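Encoded as structure tokens, the structure appears first; notes follow it.
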Amino acid sequence: MAYKRVAVFGATGLEGESLLQGLSELELGIESASVFAADAEGETAMFRGRPVAVKEPSTADFGVLDLAIFLPEAGSDAGLVDAACDAGIVVLDATDTLAQRDDAVIFCEGVAIAGDVKLFAIADAASSQVAALLQQLPVGSINRVDISLAQAVSVAGRDGIEALAAETARLLGGQTPDKTVLGQQIAFNVLPQSADRAAAEVEHNLSRLLGGDIAIAASVMMVPVFYGHTIMLRVECEDRPNLSALRGSLSEDSRFRLFPNEDAEQASPVCLQGSDCIDIDQLNYDRRDETAFRCTVVGDNLRKGAVFNIIELLKNLIKINI
159 MAYKRVAVFG ATGLEGESLL QGLSELELGI ESASVFAADA EGETAMFRGR
209 PVAVKEPSTA DFGVLDLAIF LPEAGSDAGL VDAACDAGIV VLDATDTLAQ
259 RDDAVIFCEG VAIAGDVKLF AIADAASSQV AALLQQLPVG SINRVDISLA
309 QAVSVAGRDG IEALAAETAR LLGGQTPDKT VLGQQIAFNV LPQSADRAAA
359 EVEHNLSRLL GGDIAIAASV MMVPVFYGHT IMLRVECEDR PNLSALRGSL
409 SEDSRFRLFP NEDAEQASPV CLQGSDCIDI DQLNYDRRDE TAFRCTVVGD
459 NLRKGAVFNI IELLKNLIKI NI
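Numbering (our numbering), first residue to last: 159 to 480.
Here you go:
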């Protein structure tokens with residue numbers, strides 16, 4: 159099916175810019191792209207090299223659309239998502255609204271798609287990357303997953319990046335940072351986010367992606383890094399996992415890089431430059447329990463997050479003609 163009339167909500171953020179560029183390069187049969195963003199009416203976004211006027215989300219007419227995409231920076235306006243669903247069009251939602259509904263498939267790379275589904279929740283970057291790793295293990299072998307996620311400021315969009323840059327400059331110049339949209343100073347600091355919805359989102363999405371009766375607990379913090387998150391992972395299994403086999407599986411999968419390697423001794427966000435891989439480091443048995451293992455997962459939170467999953471899903475939908 160050709161998606162002739164497409165709408166993107168939250169289109170003025172970092173992910174919106176990346177998605178519009180990706181859509182421009184895909185053969186989807188798009189004839190028109192409408193872009194929406196709260197508090198951005200009158201601004202423009204670029205699509206196929208041309209400026210497109212940004213509109214107020216409440217003005218959207220879902221009856222004339224084939225596809226609606228909701229990005230995290232669109233917020234979680236459940237009313238708008240519901241209106242798109244009621245219109246009978248294909249809906250791709252990365253705001254965590256549809257992820258809470260049983261009638262929506264949660265998607266990341268590798269998830270099989272049935273031919274009669276039109277509502278899709280798009281998994282977040284951290285859940286997608288952890289799921290890709292854990293799906294290398296035998297089905298039913300995992301009992302519990304503990305995640306400590308260090309998020310880059312780019313999860314807060316352009317505002318987060320500008321806040322870190324401005325605060326760092328002022329502090330290095332001997333000045334007190336101005337108050338920012340993050341609420342507290344992030345430069346040379348760490349902001350616990352464990353009570354935030356981000357932890358609940360990771361727990362819920364990963365639970366749905368892995369399936370089964372797996373206990374999942376996540377804690378989240380924001381760190382003074384522009385791009386790329388770091389995940390400290392502990393996985394309890396039913397029996398002693400075969401880590402040699404897991405390393406072999408990961409080394410043969412082009413989605414992953416194992417560390418140390420010829421490029422670096424240790425995985426870090428800096429190593430992600432120019433790479434779309436999921437980096438795995440410190441993959442070892444737990445010191446106290448050999449039915450568990452620990453590792454570090456480092457991944458890009460923008461290129462390999464919602465935008466990547468949306469592009470992959472659209473490619474799959476075209477193949478099965480939804």
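We treat Cβ as the ideally placed atom computed from N, Cα and C, and that holds for glycine.
Here the structure is a predicted model, which is why all the values come from computation and not from measurement.
- Across the structure, Asp197 and Gly315 are spaced so that their CA atoms are roughly 15 Å apart.
- With distances taken between CA atoms, Gly174 lies nearest to Phe205 out of Glu189, Asp439, Phe205 and Ala403.
- Taking a contact to require three or more Cβ pairs closer than 8 Å, the stretch 374-384 and the stretch 259-273 do not qualify as touching.
- Taking 8 Å as the upper bound for CB-CB distance, Glu231 and Gly171 are in contact here, some 4 Å apart.
- Per DSSP, the continuous beta strand (DSSP E) segment holding Glu394 begins and ends at His387 to Cys395.
- Inclusion of Val455 and Ile468 in the CB contact set at 8 Å is not warranted, their separation being larger than that value.
- A direct Cα-to-Cα measurement between Ile438 and Gln294 gives close to 13 Å.
- Cβ-Cβ distances below 6 Å link Gln351 to Val378, Met379 and Met380 in the same chain, with the five nearest sequence neighbours on each side left out; the list follows chain order.
- The C-beta distance from Asp421 to Asn363 rounds to 30 Å, too long to fall under 8 Å, and the pair is not in contact.
- Within the stretch 271-350, the runs of beta strand (DSSP E) that reach at least 3 residues and sit entirely inside it are, in chain order, 277-280 and 300-309.
- With at least 16 other beta carbons inside 10 angstroms of its own, Gly463 counts as buried.
- Contact annotation: Val393 and Leu307 have beta-carbon atoms that are not nearer than 8 Å.
- If you draw a 10 Å sphere on the C-beta of Phe346, you find fewer than 16 other C-beta atoms in it, and that means exposed.
- Secondary-structure assignment with DSSP links Asn442 through a beta bridge to Arg452.
- The residue among Gly369, Ser312 and Glu320 with its C-alpha nearest the C-alpha of Ile300 is Gly369.
- Following the DSSP letters along the chain, one finds Arg366 inside the alpha helix (DSSP H) bounded by residues Arg355 to Leu368.
- Per DSSP, Val248 lies in no alpha helix (DSSP H) segment; the continuous beta strand (DSSP E) that holds it begins and ends at Val248 to Asp251.
- At least 8 Å separates the beta-carbon of Asp397 from that of Leu430.
- Excluding sequence positions up to five before and after Arg328, its CB lies within less than 6 Å of the CB of Pro335, all in the same chain and listed in chain order.
- Around the C-beta of Leu330, fewer than 16 other C-beta atoms lie within 10 Å, and the residue is accordingly described as exposed.
- As a beta-bridge residue in DSSP terms, Pro209 pairs with Met204.
- Distance from the CA of Asp371 to the CA of Arg302, rounded to the nearest whole angstrom, comes to 9 Å.
- As a beta-bridge residue in DSSP terms, Arg163 pairs with Ser190.
- Look at Arg405 here: in three-state DSSP terms it is helix.
- Counting of Cβ neighbours within 10 angstroms places Gly298 among the exposed residues, the total staying below 16.
- For Leu172, the uninterrupted alpha helix (DSSP H) run begins and ends at Leu172 to Glu183, by DSSP.
- Per DSSP, the continuous beta strand (DSSP E) segment holding Ala226 begins and ends at Leu225 to Phe228.
- Collapsing the DSSP output to three states places Leu475 in a helix.
- Annotated as distal: Gly273 and Ile476, with beta-carbon spacing of 8 Å or more.
- The three-state reading of DSSP puts Ser377 in strand, counting E and B together.
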